[in-house]
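If you read the protein sequences in the order shown, they are chains X and R. Residue numbering for the first sequence is 1 to 157, as defined by the working numbering. Residue numbering for the second sequence is 1001 to 1406, as defined by the working numbering. Taking it in order: structure first as structure tokens, then the write-up.
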Amino acid sequence: MDRNEEFRKSVTIIYKGFIVFFAFFGIVLCLLIYIALDHTFSAFKQEDDTPYADVMDIDEDRIENGIHVRTGLVEAEGLMEVVHNCTNCHSALLVTQNRMDKERWAATIDWMQETQNLWDLGKNEEIIINYLVTNYPVPKKGRRQNLENLEWYELEE
Amino acid sequence: MKRRNFIKKAALSSLTSLIGAEIVFGNLIPEGYAPLFLQDPDPFQLFNKDTRMTVLNNKPWNIEAKAHLLDEKVTSNQFMFIRNNGIIPKAIDLDNWKITFKGESVQQEKSYSLAQLKEKFTHHTYQLTLECGGNGRSEFDPPAMGNQWTVGAVSCASWTGVRLRDVLEDVGIKSNAVYIGYHAADTHLSGDPEKAPISRGVPMDKATMDETLLAFKMNGKDIPLAHGYPLRLVAGGWPASASGKWINGISVRNKVHDGNKMTGTAYRVPCDPVEPGAKVKEEDMCIIESMPVKSLITFPRTGAVLNKKKTLEIRGHAWAGELEVANMEYSIDFGATWNSCSLEKPVNRLAWQHFSAKVTLPKKGYYEIWARATDTQGKSQPMILPGWNPKGYLNNACHRIAVKVV
């Protein structure tokens, strides 16, 4: 009987050990699956909704969705040359709201050098102008545009 | 959040471009607060304009109408576009206002007070179409620099004054007279008193037409200050810049007048047609004379939605510079077919003409109604942009409105 009792005890210990082991394994597995699906644990974070978040950016040359976050400039060849040479004195908005061809950008750079203390851009001038005409081209209106900005209203009799 | 900031910044930058200076601490302007320069002066109050007019520029003032605002047969002040080149004169002294005739081709210099002009010469009243040479500039490709007028830089008010011809005859003109040029009391943007903001003119043929007036009344009342009080030239059918405001002098010239904005590329187009974007030498640019044939649908306003109804009354005006409009048509199928509009005769030469039509739209859907006028020489409005020119003048492409049947 003692032996039987001992045997039964051993079986119970092994049984409990298995349960603990599989429970642990199950938890780890769930965790791994969760990490695979949401590796940033975003479900546990609160949505950051303050309008001042940008100021806190540690990486000031962070790119999101193809946009240089700090300046709003499009990520493309020549971006950093533009950021470093064209956004020190004025906002990048001054750059992006203008649409010019190579010749007129060159004339604008000349004007800034003559009157606004812009330095010699050296070989960067060509890189910058190429970036601007490629990423901010003069809009093609063609010979007739679509009717746009329509405010639909019901016409009364 | 970034988007909100961006929009705020973008709005700020457009304010900045409006006043032509940076708004210091602009980022601190509370949302919904209009900076003082926008509150005062309020151009709509200042010039008694409808608030639906569009301000394109505030120094100098340039304000345009929208097509549906021009529905009146005779344009009233509240819907009349303003195109200024300089600063509107201040403190006009009516009693001492005079107009001096001078230049190479007068027999002798002669001046008239306002009272003398009004007493000595017969008064005439005409309804006259005045359209800015750059009306429609915003559509050109490549873009042309300047005020980006859409369709609203045109008016047809009733003007009362004396014929320039009668006054020129009284002054005495030499047989070598070629051109007249006006001089006015507005001042240059730079503040330089030696500089005239604009001093244009017309050849003798145009100057001596019945309808070319030295006008002192608009729609039966004193001319509003922004439109040339107390005296202006009105040369209907030509670029409105030929109709000088605040006139205090006329030069009778033995050559083409060479005042400001007569020379260079101003109010000129290439003498021979050029490809879009071409560089044109100054000597290859010719002065614009008569404006081309054009029309506007003034009712309904674009964007009309017809609920379970397929007929629509449209109306508007058509004009043709020196000529008359002979025929007026509309299309509901992007120019594939055209239907006639009924067209009235002008009340006098150089006045716009009124058209109307009952349009039937066959089924549900999106339509564009296109309007096309044809002048007495058989020239029609193009459906696409006419010949490109460096300064973006003379866009008479057909007017279009959008309509939906639901």
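By construction, the Cβ of each residue, glycine as well, lies at the ideal position given by its N, Cα and C atoms.
List the endpoints of the continuous alpha helix (DSSP H) containing residue i.
i         : result
X/Ile129  : Asn124 to Asn135
R/Ala1397 : Note, R/Ala1397: premise wrong, no alpha helix (DSSP H); not H, not E.
R/Val1359 : R/Val1359 -> not in any alpha helix (DSSP H); beta strand (DSSP E) instead, spanning Gln1353 to Thr1360.
R/Met1383 : Run containing R/Met1383: none; DSSP gives neither H nor E here.
R/Gln1045 : Pro1043 to Leu1046
R/Met1204 : Met1204 to Ala1207
For residue i, which residues in the same chain have their Cβ closer than 8 Å to its Cβ, ignoring the five residues on either side in sequence?
i         : result
R/Leu1361 : Leu1306, Lys1310, Thr1311, Leu1312, Ile1332, Tyr1367, Val1403 and Val1405
R/Phe1079 : Lys1049, Asp1050, Met1053, Ala1065, Leu1069, Leu1070, Glu1072 and Ser1155
X/Trp152  : none
R/Trp1409 : No answer is possible for residue 1409 of chain R: it lies beyond the span of chain R, which begins at 1001 and ends at 1406.
X/Glu75   : Ile63, Gly66, Ile67 and His68
X/Thr12   : none
Can you list, in chain order, the residues of its chain with a C-beta nearer than 6 Å to that of residue i? Leave out the 5 residues immediately preceding and following it.
i         : result
R/Ile1401 : Ile1297, Thr1302 and Ile1369
R/Pro1346 : Gln1353
X/Asn146  : none
R/Glu949  : What the structure shows of chain R is the stretch from 1001 to 1406, and residue 949 of chain R is not part of that stretch, so it cannot be assessed.
Under a Cβ-count criterion, where at least 16 other Cβ atoms within 10 Å of its own Cβ denotes burial, should residue i be classed as buried or exposed?
i         : result
R/Ala1235 : buried
R/Lys1294 : buried
R/Glu1211 : buried
R/Pro1193 : exposed
X/Glu47   : Residue confidence is low: X/Glu47 scores 45 on pLDDT, short of 50, so the model does not pin down where it sits. No coordinate-derived value is stated.
R/Pro1273 : exposed
R/Val1171 : buried
R/Thr1075 : buried
R/Leu1407 : The structure shown has nothing for residue 1407 of chain R, since chain R only spans 1001 to 1406.
X/Met56   : With a pLDDT of 45 at X/Met56, under the threshold of 50, the modelled position of that residue is not reliable, and no figure is offered here.
R/Lys1281 : exposed
X/His68   : buried
X/Arg8    : exposed
X/Gly142  : exposed
R/Tyr1126 : buried
R/Met1291 : buried
R/Asp1042 : exposed
R/Lys1245 : buried
R/Ser1017 : With a pLDDT of only 42 at R/Ser1017, under 50, the local geometry of the prediction cannot be trusted, and no value is derived from it.
R/Lys1364 : exposed
Along the beta strand (DSSP E) that carries residue i, what are the first and last residues, could you check?
i         : result
R/Met1053 : Run containing R/Met1053: none; DSSP gives neither H nor E here.
R/Val1325 : Val1325 to Ser1331
R/Leu1213 : Leu1213 to Met1218
R/Ala1157 : Val1154 to Arg1163
R/Leu1296 : Lys1294 to Phe1299
R/Ile1314 : Thr1311 to Trp1319
R/Met1285 : Met1285 to Ile1287
Can you find the residues in the same chain that come closer than 7 Å, C-beta to C-beta, to residue i, ignoring five residues on each side of it along the sequence?
i         : result
R/Ala1326 : Thr1374, Asp1375 and Thr1376
R/Pro1276 : Asp1141, Pro1142 and Trp1388
R/Ser1243 : Leu1130, Arg1232, Leu1233, Val1234 and Ala1235
R/Lys1358 : Thr1311 and Glu1313
R/Leu1225 : Ile1088
R/Ile1092 : Tyr1229 and Pro1230
Out of the options, which one is the CA nearest neighbour of residue i?
i         : options                                       : result
R/Leu1168 : R/Gln1127, R/Gln1108 and R/Ala1115            : R/Gln1108
R/Met1285 : R/Pro1270, R/Lys1279 and R/Leu1189            : R/Pro1270
R/His1354 : R/Cys1341, R/Gly1316 and R/Gly1259            : R/Gly1316
X/Glu60   : X/Glu77, X/His84 and X/Ile19                  : X/His84
R/Gly1103 : R/Lys1363, R/Ser1243, R/Lys1174 and R/Lys1261 : R/Lys1174
R/Val1106 : R/Leu1046, R/Phe1121, R/Arg1253 and R/Lys1217 : R/Arg1253
R/Ala1144 : X/Cys86, X/Lys140 and X/Glu154                : X/Lys140
R/Glu1207 : R/Thr1263, R/Leu1385 and R/Glu1322            : A quick correction: the sequence has Ala, not Glu, at residue 1207 of chain R. For R/Ala1207, the nearest C-alpha among the options comes from R/Glu1322.
X/Glu103  : X/Arg144, X/Val133 and X/Cys89                : X/Val133
R/Asp1258 : R/Gly1134, R/Asn1084 and R/Ile1180            : R/Ile1180
X/Glu81   : X/Asp120, X/Trp111 and X/Leu150               : X/Asp120
R/Leu1213 : R/Asp1222, R/Leu1164 and R/Pro1239            : R/Leu1164
R/Ile1384 : R/Asn1395, R/Lys1391 and R/Gly1378            : R/Asn1395
Measuring from the CB of residue i, is there a heavy atom of the ligand NAD at a distance below 6 Å?
i         : result
R/Lys1110 : The ligand NAD is not among the ligands present in this structure, which contains no ligands whatsoever.
Legend entry - Length-filtered (3 minimum) beta strand (DSSP E) runs lying within the segment 1234 to 1272 of chain R: 1247 to 1253 and 1268 to 1270
Query raised in the report: Taking only runs of the alpha helix (DSSP H) that begin and end inside the segment 59 to 104 of chain X, which ones reach a length of at least 4 residues, in chain order?
Result: Restricted to the segment 59 to 104 of chain X, the alpha helix (DSSP H) segments that are unbroken, complete and at least 4 residues in length are 79 to 86 and 92 to 96, listed in chain order.
- Identify every run of the alpha helix (DSSP H) within the segment 1049 to 1130 of chain R, keeping only runs that are complete inside it and at least 4 residues long; order them along the chain. 1114 to 1120
Pull out every residue of the segment 103 to 121 of chain X whose Cβ sits closer than 9 Å to any Cβ of chain B, in chain order. Going by chain labels, chain B is absent from the structure shown, which instead holds the protein chains X and R.
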